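**Q**
Structure follows, in structure tokens:
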């Protein structure tokens, strides 16, 4: 049984459609990332699932139970807010205990559950502090503890790492999947950060303009973005998108981009655009067949990698991401990692094919 | 794989209908009823103002349309009331604004002494206006008042305070200033202290003259506070009653005959309900315009602070 | 009941001893408070009710609306007698004078049934009566079942009785045959001169004989008395400025407020007589009046007389009584003089203010309220108030002829009785009765202020005032 | 140096102007009537507490007679009345303020403005018809009637102040509480109201002491809102 099935969910503010017939399903114990640029309706979608959007139309089924008409308190979800939303007038302990109090549990089990979840999140030493006395990280963990403590089948995370510092974000990115796995809880996780999406999500739903543009495994979204828009959004630095030439070859297409040639198993699109991830661009100090000469325009170290801005002889600019400094000298040769890259049609914006075969240049 | 396939009944279940949320209406209903309850007497007053209605002539009560208004606006005494009220409002608010701004500038720096002084200066604000006029009446009494004694000692032996038409307006405005300047002062002080420091530091570094800093930086940045304080004071100054009534009942002669006193006398003394109401309606029209300005200003300010947040 | 107890109770009711004395005597007889009250009630009933059932409304409760005044204080201090006599409980709300009439207007205009009996002046009844807020008491007076046979309404000074009775027709004389008795007098005041004997002796001057004389003497005091000024009169922007000394002098100079032709009223404030009198009056204030005259009410006049800051006042004679009582700086130094403002006149033509009791139309206990009014304006309370309290301008001849009353005045207030006797015969209300009284007199006071301040000449000011009054009268349709 | 001493002189004058009348009324309150009325004013005198005893006991002896001033009784009465009307205004106003802050709906803004503009309007305007018509609706001299009139002062104050506090509090906190499994009502009572408590407290103080109202109104709330605008905007 799915943890959540959302069917044709729409939300409208006045004449503005925030969400338009959105479908989504989350399996048991699965972590789904809701990814998209800011202001696209991700938070609205979470709130609609939680029952906090009174104007929402559509169906929400939680663990086989239709809760579309239920108020938030009857949906038995966990939710972690971007701004933590801790109750400022209650100590951390009461904040965490809140879902249990709502179920009118006895004092002893509440204390036990709060203790156990606090230990799990390593905040058991600050349980008597009020939110204003907590560090940002502790606030974060308190909010998570509150979402987890009731052992809901589904937790909604509204970009919970947005307001915390880089170190904490890094820690949580690793810790969160572990916690969720331990608790056997499914989750929808909203973020604009593709790294977070990749680290946390089993599957990623990309929300653009109030619609789900792609809903697939995280790697698939990364390797084969369904649209050019997704390709531009998902990834930092984003996928290189290069205007290409395509010609039919058998049932497939031979694509030429930036001097490199790839074969795709699809008919040639009208306006072919070739997409390649910066990590898939390989740098060489020696020429060889299948490599193209290029010039290094700039090098920027980033996240222990090096971003290299290149210009090929035909004037195409592209970015490579390399884990070692690029070879010395401004003239180098580039090639593509075998099997990586995607072919788009600029006319429709859709991805046509991915995973090309590298082809020899028939000079 | 997909649960929708295995649970077809879920698809056929009707999606929830969108409906208006009744909650805000329910929540505000009781207040709304009271609001209407207050509007009823208001409209009753509108009706009175269209009647010839003196309680001492119960049989002569009848509808006269805008007759009361025509009478008012064709009589010199009412125009005199408008002028006196406007002068009172204008003069008191301008002087209070200048004095309040001056004091706020003096107390601008956060120091213990300045804070003590600013709190102490609030005391007149805690005094009810009726009491304030009583205090001043005692202090300006030529027979035993300490101010009258001082002014007399300074050589102004014929200074009449509230009892002379030449000085009555001055006297009540002085009292009004005593009561209300602290209000403006505290608002502007809060404003001054919350201004960002960078523009001032930059100006200092550039060696900009103090006068330029004041007129080009301080004053414009303080404007929202000044406008709010001014509108608030205008609204209460046009309705002045307690101080003037306490000091002179509108006299000497008609020199302080402001709106509320005229209508008060017309109602309680002359039992002329119709004319009293008409005077109040004219005053209401003025306050309505001012409060509209005030609310717009308030909303704009909140929007700005929200947009910035 | 023993005879001794009875005698003591009778003495108390007759005003010979006060309550404390009564209590003491009772105690000496070994009678407790409760028994003493019983004795009191018994005698009261016996004394007053030989042939009248005072207990007819026993158990009811009345509520009074009172002005803070020595007359009201006298009434309050004697309420126990009324309660004992009738078995009616009495509660009251009491307000200071500067807000009192606003409270009355507020209570009556809202048709509130909170109050059964209220204190009022005669002028107010010209408004409250036509507005149908008050009960005409003539039917009560005529009804022997409701009025005690020994009440003797006619024992009240005729001018005062009449001044509280008006037909409601603007301009028609007070006390006419078709008049309604809107109120019953409780106590009153007339206007003569009270002066500071210390100052007068020091400057070797006599009390003024008339208005020009008063200007001269007043000016001399202001100049020579070393701090004190000449004459205190009222000057606030209020009807109350017009009705005391000012209107008495105004009348004395032959001026009238209105010309009455049939039912039509025309203002006469700009008559030649009025202009002549106003010139003198304004001169007097300018030369010999208080510096801040325009804020003066009777309270300031009284204060100045008591503190020795003015040589004399031309205002209510009872102020001279209050300020001569123990507690003021000038206590014992106040003298009294009848005053005839116009040198050509022989009589004072003093206007009067009458504190009266009226019955609210909205009272639910009108019969009981009438019992209270009867009691408070009756002979026994009149003597009690005059002898024991400060109700020293009583409205009943019986009080004036009471030996104890006269003895009290002559002992500590020499000259008070004589000045009163001289002024009384033609003391009455000299205003023309009409419902716009307050409107007219308040504007009048405002114009007087402007004339004194020199903002307008006397001739022009009075012409303007007359035009204004005529307009108001016309728009009211009278 | 000159500037500094000028500043000092100016401050001294300001303090004198505003504080002297207060100082003087305290001095006068410790004097007997005769001392108050003496000229030149007396600064050295044996202080008396007579006037205060008079206030509390309700008897003041003057030359005209003993004044019975029901000061304490009146004080208690008006306190009771303000307290009751504030409670009523809270019960009516807080939910409405919440509705205005959390929902955009018809009537809301109109009502808020109507109440505010009537509060700013001359009080006689409402009092006059009420005083004439109250008897007819049977509300004269009843606490209910007076409490109703008082709503004209207290309700707009509560609406506008508390509303500001509700608007400033993040709705997420209430959402979180509801997701936890608590009903709306519980969230309103346990979260929204406690969060707006400073505003409610301010509004209560302001309505109980009407003259204090404008002063603190400005300080606590207007200034707070304004300084937010100035700092952030």
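Protein chains in written order, with UniProt numbering: chain H, 1 to 363; chain Y, 1 to 309; chain G, 1 to 478; chain U, 1 to 233.
C-beta: ideal position from N, C-alpha, C; glycine also.
Only a predicted model underlies this, so the values are computations on that prediction, with no experimental measurement involved.
1. How big is the Cα-Cα spacing for residue 457/G and residue 100/Y?
2. Check for me: the alpha helix (DSSP H) holding residue 68/H runs from which residue to which?
3. Per DSSP, which one or two residues make a beta bridge with residue 263/H?
4. For a cutoff of 8 Å on Cβ pairs, would you count residue 176/Y as touching chain G?
5. In angstroms with no decimal places, state the Cα-to-Cα distance between residue 200/Y and residue 9/U.
6. Rounding to the nearest angstrom, what Cα-Cα distance links residue 196/U and residue 86/H in this structure?
7. From residue 202/Y to residue 213/Y, what distance separates their C-alpha atoms?
8. Helix or strand or just coil, what does DSSP make of residue 66/Y?
9. Going along chain G, which residues have a C-beta under 9 Å from residue 49/Y?
10. Quick check: what's the CA-CA separation for residue 132/U versus residue 281/Y?
11. Below 8 Å between beta carbons is the criterion; list the residues of the region 97-125 of chain G that meet it against any residue of chain U, in chain order.
12. In chain Y, which residues lie with their C-beta within 7 Å of the C-beta of residue 7/U?
13. So with CB distances below 8 Å, who are the chain U contacts of residue 140/Y?
14. Mind checking whether residue 190/G and residue 350/G have CB atoms under 8 Å apart?
15. Measure the alpha-carbon distance for residue 40/G versus residue 60/G and round it to whole angstroms.
16. Report the rounded CA-to-CA distance for residue 112/G versus residue 313/G, giving the unit in angstroms.
17. Quick check on residue 195/U - is its C-beta less than 8 Å from some C-beta in chain H?
18. Using a Cβ-Cβ cut-off of 8 Å (strictly less than) and excluding sequence neighbours within five positions of residue 464/G, which residues of its own chain qualify?
19. Does the beta carbon of residue 85/U sit closer than 8 Å to a beta carbon anywhere in chain H?
20. Between residue 148/Y and the rest of its own chain, which residues show a CB-CB distance below 8 Å, the 5 nearest in sequence each way excluded?
21. Do we get a CB-CB distance below 8 Å when we pair residue 163/H with the residues of chain U?
22. Express the C-alpha separation of residue 227/Y and residue 215/Y in angstroms, rounding to a whole number.
23. Output, in chain order, the set of chain H residues within a Cβ distance shorter than 9 Å of residue 175/U.
24. How far does the beta strand (DSSP E) with residue 245/H in it extend, from its first residue to its last?
25. Out of 242/G, 218/G, 277/G, 118/G, state which residue places its alpha-carbon closest to the alpha-carbon of residue 67/G.
26. Keeping to the same chain, check which residues put their C-beta closer than 8 Å to that of residue 301/Y; ignore five residues upstream and five downstream.
27. Can a CB atom of chain U be found closer than 8 Å to the CB of residue 44/G?
28. Confirm, please, whether the CB-CB distance from residue 232/G to residue 290/G is below 8 Å.
29. Would a C-beta distance cut-off of 8 Å place residue 383/G and residue 405/G closer than the cut-off?
30. Taking the alpha carbon of residue 124/U as the point to measure from, which residue in 62/Y, 255/Y, 268/Y has its own alpha carbon closest?
31. Does residue 131/U come within less than 8 Å of chain G when only Cβ atoms are used?
32. Check the C-beta distance from residue 140/H over to residue 84/H and give it rounded, since I have them as a contact under 8 Å.
33. Name the DSSP beta bridge partners of residue 358/G, please?
34. Bridge partners of residue 275/H, per DSSP?
35. Quick check: is the beta carbon of residue 304/G nearer than 8 Å to any beta carbon in chain Y?
36. Entirely within the region 395-434 of chain G and at least 4 residues each: give me those alpha helix (DSSP H) ranges in chain order.
**A** Inspection of the coordinates gives the following:
1. 41 Å
2. Counting along the chain, residue 68/H falls outside any alpha helix (DSSP H), and DSSP gives it neither H nor E.
3. 254/H, 357/H
4. no
5. 26 Å
6. 15 Å
7. 10 Å
8. coil
9. What residue 49/Y touches in chain G: nothing, since even the nearest Cβ is about 15 Å away.
10. 17 Å
11. 106, 109, 110, 111, 112, 113, 114
12. 106
13. Result: empty, since nearest Cβ-Cβ is about 10 Å, beyond 8 Å.
14. yes
15. With a pLDDT of 49 at residue 40/G, under the threshold of 50, the modelled position of this residue cannot be trusted, and the question is left open.
16. 39 Å
17. yes
18. 447, 456
19. no
20. 139, 140, 141, 142, 159, 161
21. no
22. 16 Å
23. 47, 50, 52, 72, 79, 81, 85
24. 245-249
25. 118/G
26. 224, 228
27. A caution first: residue 44/G carries a pLDDT of 49, below 50, which makes its placement in the model unreliable, though a value can still be read off. No, no contact with chain U.
28. yes
29. yes
30. 268/Y
31. yes
32. 7 Å
33. 118/G
34. 241/H, 342/H
35. yes
36. 397-400, 403-412, 416-423
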